[in-house]
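Residue numbers (this note's numbering): 1 to 227.
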Ligand SMILES: Nc1ncnc2c1ncn2[C@@H]1O[C@H](COP(=O)(O)OP(=O)(O)OP(=O)(O)O)[C@@H](O)[C@H]1O
Ligand SMILES: [Mg+2]
């Protein structure tokens, strides 16, 4: 098995806009090992979200390859890809994407159900995770009754319920005030270390970026490691 949880080679992705093609990613070589953390910075429109979607196997490159634990995603059919995604990656987004009709606890359980990992321990695991993210008293709250920071805590618990090897976070503090954002960052970093989860963090915040093991920047379609 490869040492890399996720690796890309020569990844390219373009989009057609009107009658011209925008070359968003142009040959990206990237890798992350177990428990490692890295940041991706870059201007708005530089392709950070596009890149994370590719890493998560939610989009396909025009050329180049993505490997999960050494396995080329091109060799997986959609069913196998979805199954492997469920056990390999968790995702956290800027705008939480909780199911509004479901309570905090049910939002976390739903993720386990979708990825097919429900067993007799899952409910206890969900409870433990919600305690761990600081929501012990809010397990039965609906998302609309939670603050932004609390919603993001639910989303983090949801992302971790399947014990993923990698967490892909797309500006997870982007909608939060500075203090709340800092507390969410502390929580994310602590949890990734505790659970030995590889973290790929898209952020505009250089202070957050400097706290991770490696720092990358997307610029004109290329990914460069920062010195
Ligand atoms: N499905 C799509 N169809 C057409 N163009 C797209 C699509 N997805 C992304 N793009 C274009 O690709 C470029 C990169 O978009 P992307 O969302 O990856 O940027 P980003 O770095 O995440 O920006 P931000 O910091 O604003 O979130 C943009 O020019 C965007 O308009
Ligand atoms: Mg984006």
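Beta carbons are placed, not taken as given, at the ideal position from N, Cα and C, and that holds for glycine.
- In this structure, ligand 1 has no non-hydrogen atom nearer than 7 Å to the beta-carbon of residue 117.
- Counting the other CB atoms within 10 Å of its CB gives residue 170 a total of 16 or more, which places it among the buried residues.
- Here the segment 185-203 lies against the segment 47-56, with 3 or more beta-carbon pairs under 8 Å apart.
- Counting along the chain, residue 36 sits inside no alpha helix (DSSP H), nor does DSSP assign it H or E at all.
- Distances from the CA of residue 87 to each of 71, 115, 98 were compared; the closest alpha carbon is that of 115.
- For residue 182, the enclosing alpha helix (DSSP H) begins and ends at 178-194.
- If you draw a 10 Å sphere on the C-beta of residue 124, you find fewer than 16 other C-beta atoms in it, and that means exposed.
- A Cβ-Cβ separation of about 5 Å places residue 41 in contact with residue 217 under the 8 Å criterion.
- Taking a C-beta distance under 8 Å as the contact criterion, residue 13 and residue 61 qualify as a contact pair.
- It is roughly 22 Å from the alpha-carbon of residue 32 to the alpha-carbon of residue 80.
- Contact annotation: residue 159 and residue 167 have beta-carbon atoms nearer than 8 Å.
- Taking 3 residues as the shortest admissible run, the segment 191-223 contains the following complete beta strand (DSSP E) segments, listed from N- to C-terminal end: 198-202, 214-219.
- Here residue 168 is bridged, per DSSP, to 91, 200.
- Here residue 93 has 170 as same chain residues with Cβ atoms under 6 Å from its own Cβ, once five neighbours each way along the sequence are excluded.
- In this structure, 204 is the residue among 102, 176, 204, 212 with its C-alpha nearest to the C-alpha of residue 44.
- Residue 9: member of the beta strand (DSSP E) spanning 4-17, first to last residue.
- Residue pairing by DSSP places residue 20 opposite 17 in a beta bridge.
- In the three-state reduction of the DSSP assignment, residue 131 falls in the helix class, which pools H, G and I.
- In the DSSP annotation of this structure, the continuous segment of the beta strand (DSSP E) that includes residue 66 starts and ends at 63-68.
- Nearest Cα to residue 15 within the set 50, 8, 28: 50.
- Around the C-beta of residue 138, 16 or more other C-beta atoms lie within 10 Å, and the residue is accordingly described as buried.
- Not one heavy atom of ligand 2 lies closer than 7 Å to the C-beta of residue 139.
- Just measuring C-alpha positions, the residue of 30, 35, 5, 154 sitting nearest residue 193 is 35.
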